[in-house]
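Here the structure comes first, spelled out in structure tokens, and everything after it is commentary.
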Amino acid sequence: MSDEDRRWMRLSKFTSEWQVGFKKFLQNVFGGTSNEETAPCPCTRCRCMSCRTQKEVRTHVALRGFDGSFIQREGNGQPFLVENENYSSTDEGARGHADGTHELISSLISSVIHGEVIGNDEEEPNESAKKLYRLLEEAKELHPGCKEVTKVSFIVMLFQIKCMHGVSNSCLEHILRLFLLVLPDGHCLPTSLEKVQKVVRDLGLDYQKIHACVNDCVLFRGDYADKDNCPTCGESRWKETGGTEKDDPIDSDCGKKQKHFPCKILRYFPLIPRLQRLYMRASTSKLMRWHKEELVRDGKMRHPADSLAWQHVDGEYKDFALDPRNLRLGLAADGFNPFGMLNVAYTTWPVILIPYNLPPWLCLKQPYWMMSMLIPGPKSPGMNIDVYLQPLIDELKELWVQGVETWDAKEKKNFTLRALLLRTINDFPAYAMLSGWSTKGKFACPYCHKDTDYLWLKFGSKHCYLGHRRFLPHNHRWRRNKRSFNNKTEMREAPQPLSGEQVRQQYESFEQPKFGTTTKKRKRSEEHSRWHNWRKKSIFFELPYWEKLLVRHNLDVMHIEKNICESIIGTLLDINGKCKDSEKARLDMQHLGMREDQHPVVENGQFSLPAALYSLGKDEKIMLCALRTP
1 MSDEDRRWMR LSKFTSEWQV GFKKFLQNVF GGTSNEETAP CPCTRCRCMS CRTQKEVRTH
61 VALRGFDGSF IQREGNGQPF LVENENYSST DEGARGHADG THELISSLIS SVIHGEVIGN
121 DEEEPNESAK KLYRLLEEAK ELHPGCKEVT KVSFIVMLFQ IKCMHGVSNS CLEHILRLFL
181 LVLPDGHCLP TSLEKVQKVV RDLGLDYQKI HACVNDCVLF RGDYADKDNC PTCGESRWKE
241 TGGTEKDDPI DSDCGKKQKH FPCKILRYFP LIPRLQRLYM RASTSKLMRW HKEELVRDGK
301 MRHPADSLAW QHVDGEYKDF ALDPRNLRLG LAADGFNPFG MLNVAYTTWP VILIPYNLPP
361 WLCLKQPYWM MSMLIPGPKS PGMNIDVYLQ PLIDELKELW VQGVETWDAK EKKNFTLRAL
421 LLRTINDFPA YAMLSGWSTK GKFACPYCHK DTDYLWLKFG SKHCYLGHRR FLPHNHRWRR
481 NKRSFNNKTE MREAPQPLSG EQVRQQYESF EQPKFGTTTK KRKRSEEHSR WHNWRKKSIF
541 FELPYWEKLL VRHNLDVMHI EKNICESIIG TLLDINGKCK DSEKARLDMQ HLGMREDQHP
601 VVENGQFSLP AALYSLGKDE KIMLCALRTP
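Residue numbers (UniProt numbering): 1 to 630.
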């Protein structure tokens, strides 16, 4: 390749001459080769020392530019092709999405530069897609000669650092001023934090601050947006200390305007723009159809699409299942202490959404987790979590009933995107918060509901739950085994879980309680006479399809395995506070007339507990602790 032929490589990548020359370059290098073949990447980072696929070379060079030594080298217009036998779609997904939001934005910039998302002869994108593409199309080099970083990618990386390390706005403002001092003339970095935040908003990476009642009664939105006091408990919306959120009338004592800061803030991340972004990149848009076009149906469970719950939705809502681009989502929620191991009693509740349309090697990867909201502490919202879920439910209803116009970069057409919340995933306490069925008391089992076989332990002062043998086959020998259980045979049928229609019928038997931590609790006499364990009517039943779903709430196996494992190990090793074989447990067995060989023995006025079959000696405990898993 002559110097004249390589002249376009030195031009700005935003010129039409560079784009035409780069397309010809890719055609010469890869020609009609398959996607599995690679070539040395001539970008400034790889410098022809790493082999990449055509897609990766296109992205790298578009973002970083050509390496200077490559431009000067003679006879390198046709880099050798290397067939990568180990290359697979799994590897592509792992590499392509490992860097999260920054990688997604970078790929979008590359796609816009090469005209892959907007075709000249195709339908035009909707307004939201046009706005994003226009922003990416105008993405300039951060400063003249900077081939690796654009204005947009720099801002995205800057905000990632802010979020990862808890950088305050004032600190970020000072960092921005420092960059403005050291960057060379001609840079395009915004001169203020407000302008930086505007770019973030245009990218759809912004969130909403919604004020909440300090007692979790209501959100100050909609009809309550301008209220200064909670309509339920009367508590003030504002803290007494100074803040920056709302100007009050002039203080009569000092003659100055007072500012107030809200007591609680829900940080809500709008769902619809992020779902639309999944289709603004052609490669991701193709992956969103995987469950329909590439799923192998061989009777094995590899993906949620293999489940009966997914197939049940296909049968109930055939118009929804007709378009594979329609989304099915999972919702996960759990509390954690943001202060780590510090002795601070504080609980924050993130709510995460997961798009199940993606292949199994991608749908549970962190770049595709969607933070829906961050519920503030210091305490768990408990049954009041429905108050905070209302903005999400409103968006989910819109996505189901009306749908939203969305640009499909693969088809280069607009389509109406719809979405369905397929299930929730949580541990047992969160199950109660989301479903409304309390997982405590005599009817703690949501599967058995009113048919829960419970027993109050006199010495343990808690409920225990029997009847698990009902789920065994009818001819199983344990059904007739009295001695090992409760001295009774078990011939009853297994209970059936409540359907969505039955749940609605039970909802009619009680009034929806008022939300908030100041509401009165039920009297103990009412608890004894109640035939169900409902504490509220779940907000999820506002979704038109919720009662038709086969399985609405799923338990997180990880938590169950961890707790059971801790109990077993704690009992085997006789760990104080973890062992379930206590004096109270033996007294309860004696009171119930079960397992006489385990009853406490009284000698000289002192209790002694006979050794159980699973009791381990010192040497055996050492052997157990010495076990190593692969």
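The beta carbon of each residue, even a glycine, is placed where N, CA and C say it ideally should be.
Assuming residue i contacts residue j (C-beta within less than 8 Å), just tell me the rounded distance between them.
i	j	result
P42	F66	5 Å
L322	L353	Not quite, the Cβ-Cβ distance comes to about 23 Å (not below 8 Å), so this is no contact.
G460	K584	5 Å
residue 680	L399	This structure does not reach residue 680, given that the chain is present from 1 up to 630, and the question cannot be answered.
G436	W546	Not really, about 12 Å apart at Cβ, beyond 8 Å.
P355	L434	So it is not a contact: roughly 19 Å between Cβ atoms.
N487	M594	6 Å
T38	T59	That belief does not hold up - the Cβ atoms of T38 and T59 are roughly 14 Å apart, past 8 Å.
V61	F22	7 Å
W18	L11	5 Å
C263	R237	7 Å
How far does the beta strand (DSSP E) with residue i in it reach, from first residue to last?
i	result
G330	327-333
Y447	Here Y447 belongs to no beta strand (DSSP E), and DSSP marks it neither H nor E.
N426	419-426
M370	370-375
Q208	208-212
C464	462-466
K264	264-268
A39	37-40
Start and end of the alpha helix (DSSP H) containing residue i?
i	result
T59	54-64
V601	Per DSSP, V601 belongs to no alpha helix (DSSP H); it is in the beta strand (DSSP E), 601-603.
V20	16-30
F154	151-165
K536	K536 -> no alpha helix (DSSP H), and no H or E assigned at all.
W290	290-293
A282	282-287
N169	169-182
V401	385-401
S567	557-572
P273	272-277
E316	308-316
V503	500-507
Residue i to residue j, Cα distance in whole Å?
i	j	result
L555	V20	54 Å
L587	H599	7 Å
P497	Q505	14 Å
G500	L550	8 Å
C163	V156	11 Å
N604	I568	32 Å
M558	V214	33 Å
M9	D206	36 Å
S283	W361	15 Å
I564	Q512	35 Å
V404	A332	24 Å
H476	F485	14 Å
Y431	P270	24 Å
Y87	N576	Interpretation of Y87 is limited by its pLDDT of 35, a score under 50 that renders its predicted location unreliable; no figure is taken from the coordinates.
V344	R530	37 Å
K514	I375	19 Å
K391	K462	The question names Lys, but residue 391 is Pro in the sequence shown. Straight-line Cα distance between these residues: approximately 38 Å.
R479	Q402	52 Å
F541	K413	34 Å
R47	K55	17 Å
S16	V57	19 Å
L573	L613	13 Å
E596	F443	29 Å
Do you know whose CA, among the options, lies nearest residue i's CA?
i	options	result
C448	L421, P429, A494	A494
T518	K458, M383, G617	M383
V152	P190, L181, R267, V182	P190
P144	F154, Y454, Y224, G186	G186
E451	L364, F471, K458	One point to set straight first is that residue 451 is Asp, not Glu, in the sequence displayed. D451 has its Cα closest to that of F471, out of L364, F471, K458.
K548	K23, A309, Y346, D334	A309
I265	I622, W349, D223	W349
M589	E194, C464, H468, D306	C464
F261	G234, K239, S16	K239
P429	P446, Q366, E566	P446
E411	A612, L287, I622	L287
W407	P473, R325, W290	R325
I210	Y507, E141, Y268	Y268
S509	Q276, A611, K536, T347	K536
Inter-stretch contact (C-beta, 8 Å, three-pair minimum) for the stretch 374-393 and the stretch 214-229: yes
Cβ pair count under 8 Å reaching 3, the stretch 418-434 against the stretch 298-313: yes
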